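Working notes for the structure below.
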Amino acid sequence: MHMQLTRLGTVGAILLAPALASAQAAGPSEASPITANVTLTTNYKFRGQDQDVLGSNGNFKTSAVKPALQGGFDYAHESGFYIGNWNSSVNWMDGNSIEMDVYGGYKFKAGGLDWDVGTLGYIYPGATQGNTWEIYGSGSYASAFGAFTLKYSHTVSDDYFNWAGAKAGSGLSGRNTGYLNLGYAYEVVPKLTLKAAVGYTFFASDIKDNTVAQNYYDYNVGASYDFGGGLSLGGYVQGANKGSAFEVTGADGKTRSPNKARFIVALTKTL
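In this note's numbering, the protein residues as written are 886 to 1156.
Shown next as structure tokens:
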């Protein structure tokens, strides 16, 4: 079976955010410009979709608990430029078991907002048809009512998460697929922060017109607690709509959707 489950989408990544925020908050004289992070999570979803879907027997994994080990590092220069790498265990393409993200960008302040522009590559060793490249830009605003971040990611590669491209063998182009995400965070009491986000994926016409994929929304609602010393624990409900458009059929003939809502717990240590 040619599986077309896609890793649609951020560094999305809500689990990476604590490391980036920590590096940005600390002044150059207070801490090293290099930070690292490691996370153990009960499930890895990206833009609302499960990233661990296939068992060793070829059947679709139905368990809500599918642990993933994740980690990476960031270098943030005092000028605002940064580079980084983030990795996670995955299982949605044959021949691949890890996702490796590489990114770089520039952060600055203007007009009372915090801006971030950059580029991000998703790499899947052993299954290069999943490799995808995006550019992104975001603006953040902090107020007494919480922090708001609006981010847009735009695909610039023809290859798009095994849905399109020469390496995928489809002859289709994923270029111009986009993802828009609005995030919100509010510290209700010291160390406890509520978080919520909604995203929207819209596919390039080649994908939308020639595959079963449909534009869809994803959501993420939960909270995190900061224990201090770089240790935090988060609990989130994540999922997406249009689940039937992304269903996967296992070797046993049963069909399941990776868009199913899950409650996910993640423990993160930032160094």
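Cβ coordinates follow ideal geometry from the N, Cα and C atoms, glycine included.
Being a predicted model, the structure only gives us computed values, none of them experimental.
For residue i, I'd like the list of residues in its chain whose CB is within less than 6 angstroms of its CB, leaving aside the five on either flank, ordered along the chain.
i	result
serine 1109	Thr1078, Ser1117, Gly1119
glycine 1006	Val987, Trp1018
alanine 906	Legend: pLDDT at alanine 906 = 43, less than 50; position of this residue unreliable, value from coordinates given subsequently. Closer than 6 angstroms at the Cβ level, and outside the excluded window around alanine 906, lies no residue.
lysine 1139	none
aspartate 999	Ser1025
aspartate 1137	Asn944
proline 913	Residue confidence is low: proline 913 scores 47 on pLDDT, short of 50, so the model does not pin down where it sits. Its coordinate-derived value is still stated next. Answer for proline 913: Glu963, listed in chain order.
threonine 924	Leu900, Gln955, Ala1151, Thr1153
alanine 898	The pLDDT assigned to alanine 898 is 42, lower than 50, so where the model puts this residue is not dependable, and the model offers no usable value.
serine 1055	Ala1049
valine 1073	Leu1079
glutamine 1099	Lys1127, Ala1130
serine 973	Tyr929, Ala953, Gln955, Glu984
tyrosine 1069	Gly1031, Phe1033, Ala1081
Below 7 angstroms CB to CB, which residues in the same chain sit around residue i once its five sequence neighbours on both sides are set aside?
i	result
alanine 911	For alanine 911, the predicted model reports a pLDDT of 43, less than 50, meaning its position is unreliable; a value from the coordinates is still stated below. Cβ neighbours of alanine 911 beyond the five flanking positions: none.
threonine 947	Arg1141
proline 1143	Leu890, Gln934, Asp935, Val938, Phe1131, Val1133
glycine 1135	Gly943, Asn944, Phe945
alanine 1053	Gln1014, Asp1044, Asn1047
asparagine 1095	Leu1057
glycine 940	Lys946
Comparing alpha-carbon positions, which option in the options lies nearest residue i?
i	options	result
alanine 1125	Val923, Gln934, Ala921, Phe1087	Gln934
tyrosine 1101	Arg932, Leu925, Asn928, Gly957	Arg932
phenylalanine 1046	Asp1103, Ile1092, Asn1066	Ile1092
lysine 994	Trp971, Ser1028, Gly1031, Gly965	Gly965
isoleucine 1149	Gly1050, Gly1107, Glu984	Gly1107
leucine 1067	Asn1105, Ile983, Asn981	Asn1105
isoleucine 983	Ile968, Pro1010, Val1073	Pro1010
valine 950	Gly957, Arg1147, Gly980	Arg1147
tyrosine 1121	Val1083, Gly1114, Lys1127	Val1083
serine 1058	Ser1028, Ala1089, Phe1033	Ala1089
alanine 1027	Gly940, Asp1111, Gly997	Gly997
tyrosine 1021	Thr1004, Phe1033, Gly980	Thr1004
alanine 1032	Lys992, Ala1081, Val1097	Ala1081
Per DSSP, which residues does residue i bridge with? Please list them.
i	result
alanine 1081	Tyr1069, Val1106
serine 1023	Asp1001, Lys1036
threonine 1140	Thr1134
lysine 930	Asp935
aspartate 1111	Ser1117
phenylalanine 1087	Gly1063
threonine 1017	Tyr1007
phenylalanine 945	Leu939
valine 1074	Leu1077
serine 1028	Gly1031
Assuming residue i is part of the alpha helix (DSSP H), what are its boundary residues?
i	result
serine 974	Per DSSP, serine 974 belongs to no alpha helix (DSSP H); it is in the beta strand (DSSP E), 966 to 974.
aspartate 986	Counting along the chain, aspartate 986 falls outside any alpha helix (DSSP H), though it belongs to the beta strand (DSSP E) covering 983 to 995.
tyrosine 1154	It should be pointed out that residue 1154 corresponds to lysine in this sequence rather than to tyrosine. Per DSSP, lysine 1154 belongs to no alpha helix (DSSP H); it is in the beta strand (DSSP E), 1147 to 1155.
aspartate 959	Note, aspartate 959: premise wrong, no alpha helix (DSSP H); beta strand (DSSP E) at 953 to 961.
lysine 1093	1090 to 1095
Beta-carbon within less than 8 angstroms of residue i's beta-carbon, same chain only, minus the 5 sequence neighbours each way: which residues are those?
i	result
proline 918	Ala908, Tyr960, Ala961, His962, Glu963
glycine 1063	Tyr1037, Ser1038, His1039, Thr1040, Thr1086, Phe1087
Note the first and the last residue of the continuous beta strand (DSSP E) segment covering residue i.
i	result
asparagine 922	919 to 926
serine 1117	1116 to 1125
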